[in-house]
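Residue numbers (this note's numbering), protein chains in the order written: chain U, 1 to 444; chain E, 1001 to 1327.
Ideal placement from N, C-alpha and C gives every residue a C-beta, glycine not left out.
Notes follow once the structure below has been shown.
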Amino acid sequence: MSDLRPTQTDPASASRRRFLKVAGAGVAGGSLLTMLDARKAPAQIKGSTLRILTWSHYIPAYDVWFDKFAAQWGDQNGVKVRVDHIPHLEIPARMAAEYAAGSGHDLILNNSTILARLYYKSLVDMTDIFDQLGKKYGGWIPAAKSPIEVDGRIYGIPMYYILLPMIWRKDLFEASGLKPPDTWELARVAGRTLKAKGNPTGMAFSHCNDANLNWRSLMFSFGATETDPSGDNPTIDSKEMREALRFAKAMFDEGMTPEVFSWDDASDNRFLASGIACWILDAISAYRTTESTNPAVFKNTYLALEPAGPGGKRVSVCAPIVFLGWKFSKNQQAAKEFMVHLVDNDKEGMIQSTGYNMPFLNDNAKKPMPILGTDPKMQVLQDFPKIIAFFGYPGPYSPQIQEVASLFVLPDIFTRVARGTSADDAVKWGVGEYRRIFAKHKRA
Amino acid sequence: MTVSLGGGSESTTRAAAQPVSWRSSIAARWRTNTSRRLAFGYMLLAPAVLYVLLLVGIPFLFSLYLALSDANVGDPVARFVGFENFRAAMEMDTFWDALRNSIVFLVVAAVFKSLLGTSLAFLLLQNFSGKKVVRALVVIPFTLPISVSVLSWKWMYDSQFSVINWGLHRVGLIGPYGSESWPIWLGQPQLALLACIGVNVWRSFPFGAIVLLAGFTSVPTEVLDAARVDGCTFFQRFRHVVAPMIFPILIIGFLFDTVFTLSDLSVVYLLTQGGPGSATQILPVLAYQIGIQAGALGRGAAIALVLVPLLFPALFLMLRNLKRRDW
């Protein structure tokens, strides 16, 4: 944790600029501590404007609550708050534009595409607030630092993550005498058995975020890794990766239809809600959609942990959501205070998102969690914090991994195998793409 | 560019003959009518030239600078790296897939747009009841926000709920959902590329038709009547009378369409993001994914600029042809 007290300096060498810098840091640090202890924002932000850019949440009611919540905080602290919502795919372009212009929002909520490592030289160092919040709420879950840590400093505050559990049809499984899909092997058997009865399974092989997340979950559960812990070297050329690929090919051939090559992030939701799918791996929005569109199917739809791989390993790759702030922002103090206030109300956010927003802080992840803890079907989701990981696992979510994900290289390796390329050839192609991307970043 | 308003040689000779200092020589030049006219002409041209330089020249030079540097979205310092970004792009299999798809996309779309655009233009030339309604409907594809129209197409191509497949099934051309004959429009490589081209054609051919229509209506009816009297068939009239007369409009329309098609990332990005595999990957989408989403501006710019050396000779030949025809 950074020391927030003013640094002792040699009076003879302390310039005016140095004095102002140290004094400023002391005031900011002091007010941060005060704010965290008293949950009250300091007076100096009064009369300022806070501009927030966020994605359009998959649960629209959450956006309604968030806007109201932000406005109320603004009213209480004399801050004018403006919240802009855009589709999450547009956030990278917006950030690039704001960076080029040197002006824009004070806080930007990144979704899945976490740009902290690309822009860290221009982002506010939030190590102090990250450490303080960790201390206050029993520490961050292990995966929290992966998307936002650069050279030991923290450049964003993780707000929540979106998990993708196994969503399965209990009635179909029971009618065929199948065991719940607790392992990938059981999930495969279920797909094979139920496809023959008109209820195939599906995981997107196309260029969409679900494909990036789900195939990584499968390969990590099989013991394969994407990079070494340093994040500097790709490690997909492994025996475990080939096993995962052969398994995916078998799972596709036996239990899926070719439509998985055309799916977008919402296709599996529709597939489940239509009553056809026997299981899918998706965010709980699929479960919620089914609740509102097909109650009969919803009654028999259950949630489970990420299936375990052959060695019993479970790794679930989730979509992280983090707040970043520009160095050129004129209202960094209000931005920090707002984030703290939002984290303080994490549980309310979880309720408003109907259990969609999973907490990054250990105390907020304690059982029973709001919504999840009270719904018998959703209780299992409370065990996810132990098994979640992000892109690049076990290495960090680095710019080179960001490029790999943006180009959908990993889903393409799985697609090639599903379409008939051998696992060896697909890995060879994938290794070439990874190495070229990693080499370019090294040269840069 | 040559601006000739006449009288130039006389004034130049007169100015050269006078043994005066360069200042008085310039002043003398300004006093001539020719130079004043020239200056006035350049003054009238200046806003257009400035506009082109600001909105086309500078961004083009900036993208050249990016392509030759290691610029990335988060780093204000960019080093000169020569052709490294181009080399890196050409090492990627995906780049070659994108280049091939871009060319296929351009050519196939151009063929369909020409056929459909010409047919529509001829249709709109005829007199029939409800012509005004048809004319109003024609503009819808390219006036609708692209996100809305492409998302509608995405629904029509949906693997499960496709209205196209439903229609084909109803008329007995394909089997039911789940059967082998049920097309997965955005999931089968060739079909996916065709589906993307289809949306581009749907969006653009009415524009081509309107351009052609403008050309057709500018052809004097006397000329067409004379050709008809001489016994020319419809196709002969089109080939020997109409086409030569509207050639400049055709070329300009073709140039516009080529540039728009090659630089259009929205259709593919919204429908498939270049997938499945790299079946629908095209250069603008690849450039966006690398340059903006992955943050490697230099490499993104290099990929986006790859088509320039391919396009320049084509544009040069077309414009030269236009000039030779003295239009």
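Fill in: Own chain residues within Cβ distance below 6 Å of glycine 24/U, not counting five before or after
The predicted position of glycine 24/U is uncertain, since its pLDDT is 49 and thus under 50; a value taken from the coordinates is nonetheless stated next. Counting only Cβ-Cβ distances below 6 Å, and skipping sequence neighbours, we find nothing.
Worksheet item: Which stretch, first to last residue, makes up the beta strand (DSSP E) that contains proline 142/U?
Response: Run containing proline 142/U: none; DSSP gives neither H nor E here.
Worksheet item: Between which two residues does the beta strand (DSSP E) containing leucine 488/U stretch?
Response: One cannot answer for residue 488/U here, as it falls past the ends of chain U, which runs 1 to 444.
Item to complete: For threonine 227/U, count neighbouring Cβ atoms within 10 angstroms of its own Cβ and tell me buried if that reaches 16, exposed if not.
Response: Counting Cβ neighbours within 10 Å, threonine 227/U comes out buried, since at least 16 surround it.
Practice prompt. Confirm, please, whether the CB-CB distance from proline 385/U to alanine 405/U is below 8 Å.
Written response: no
Practice prompt. Would you kindly work out how many angstroms separate the C-alpha atoms of valine 1229/E and valine 1223/E, rounded to a whole number?
Written response: Near 10 Å, if we compare the C-alpha coordinates of valine 1223/E and valine 1229/E.
Worksheet item: Expressed to the nearest angstrom, what Euclidean distance is found between the alpha-carbon atoms of tryptophan 1185/E and alanine 1227/E?
Response: Looking at the two C-alpha atoms, the distance is approximately 47 Å.
Worksheet item: Does DSSP put threonine 301/U in a helix, in a strand, or in coil?
Response: DSSP, read as helix, strand or coil, puts threonine 301/U in strand.
Discussion item. Counting only beta-carbon separations shorter than 8 Å, does isoleucine 1184/E have a partner in chain U?
Written reply: Interface residue, yes.
Fill in: DSSP-derived helix/strand/coil call for asparagine 199/U
coil
Discussion item. In the DSSP output, what is arginine 216/U paired with across the bridge?
Written reply: For arginine 216/U, which the question treats as bridged, DSSP gives no partner whatsoever.
Discussion item. For serine 146/U and tyrosine 397/U, which I take to be in contact (beta-carbon distance under 8 Å), what is that distance rounded to the nearest angstrom?
Written reply: 5 Å
Discussion item. I'd like to know whether the C-beta of glutamine 1273/E is nearer than 8 Å to at least one C-beta of chain U.
Written reply: yes
Worksheet entry | Residue-chain proximity (proline 1276/E, chain U), Cβ-Cβ < 8 Å | yes
Item to complete: Would you kindly check if the distance between the Cβ of alanine 1109/E and the Cβ of valine 1201/E is under 8 Å?
Response: yes
Discussion item. Please confirm whether glutamine 402/U has its beta-carbon closer than 8 Å to some beta-carbon of chain E.
Written reply: So, interface residue.
Worksheet entry | Pairwise C-alpha distance: alanine 1088/E and tyrosine 155/U | 30 Å
Worksheet item: Quick one: is alanine 187/U buried, meaning 16 or more other Cβ sit within 10 Å of its Cβ, or exposed?
Response: buried
Discussion item. Check whether chain U comes within 8 Å of aspartate 1075/E, counting only Cβ atoms and requiring the distance to be less than that.
Written reply: yes
Discussion item. So for arginine 169/U, helix, strand or coil by DSSP?
Written reply: Correct three-state label for arginine 169/U: strand.
Practice prompt. Let me know the secondary structure DSSP gives phenylalanine 328/U once reduced to three states.
Written response: Secondary structure at phenylalanine 328/U: coil, using DSSP grouped into helix, strand and coil.
Worksheet entry | Beta carbon of alanine 1286/E nearer than 8 Å to that of glycine 1274/E | The sequence given here places leucine at residue 1286/E; alanine does not occur at that position. Going by C-beta atoms, leucine 1286/E is nearer than 8 Å to glycine 1274/E.
Discussion item. Tell me the DSSP secondary structure of tryptophan 153/U in three-state form.
Written reply: Rather than tryptophan, the amino acid found at residue 153/U in this sequence is arginine. In this structure, arginine 153/U counts as strand in the three-state DSSP scheme.
Worksheet entry | Assumed close pair threonine 445/U, asparagine 331/U - CB separation to whole angstroms, cut-off 8 Å | Because chain U spans 1 through 444 in this model, residue 445/U falls outside it and cannot be assessed.
Worksheet item: Under 8 Å between the Cβ atoms of isoleucine 129/U and asparagine 110/U?
Response: no
Worksheet entry | Rounded C-alpha distance that separates aspartate 447/U from proline 165/U | Chain U is shown from 1 up to 444; residue 447/U falls before or after that span and cannot be answered.
Worksheet entry | Inter-stretch contact at 8 Å, needing at least 3 Cβ pairs: the region 86 to 106 of chain U / the region 1044 to 1059 of chain E | Too few Cβ pairs lie closer than 8 Å, so no.
Discussion item. Let me make sure I understand the geometry here. Which of Leu410/U, Tyr356/U, Pro60/U has the alpha-carbon closest to that of glycine 432/U?
Written reply: Leu410/U
Fill in: CB of phenylalanine 323/U within 8 Å of CB of isoleucine 157/U, strictly
yes
Worksheet item: Between which two residues does the beta strand (DSSP E) containing valine 81/U stretch?
Response: 80 to 86
Discussion item. If distances are taken between C-alpha atoms only, which option among Gly325/U, Ala144/U, Gly395/U comes closest to isoleucine 108/U?
Written reply: Gly325/U
Practice prompt. Tell me where the alpha helix (DSSP H) around threonine 293/U begins and ends.
Written response: 284 to 293
Fill in: Alpha-carbon spacing of glutamine 400/U relative to alanine 1039/E, whole angstroms
55 Å
Practice prompt. With a cut-off of 8 Å on the beta carbons, I'd call tyrosine 137/U and tyrosine 119/U a contact; round off their distance for me.
Written response: About 26 Å separates the Cβ atoms of tyrosine 137/U and tyrosine 119/U, ruling out a contact at the 8 Å cut-off.
Discussion item. Give me the subset of the region 1289 to 1308 of chain E whose CB atoms are less than 9 Å from a CB atom of chain U, sorted by chain position.
Written reply: Listed in chain order, the positions of the region 1289 to 1308 of chain E with a beta carbon within less than 9 Å of a beta carbon of chain U are Gln1289, Ile1290, Gly1291, Ile1292, Gln1293, Ala1294, Gly1295, Ala1296, Leu1297, Gly1298, Arg1299.
Practice prompt. Check distances from the C-beta atoms of the region 399 to 432 of chain U to those of chain E and list, in chain order, the residues that come in under 9 Å.
Written response: Pro399, Gln400, Gln402, Glu403, Val404, Ala405, Ser406, Leu407, Phe408, Val409, Pro411, Asp412, Thr415, Arg416, Arg419, Trp429, Gly432
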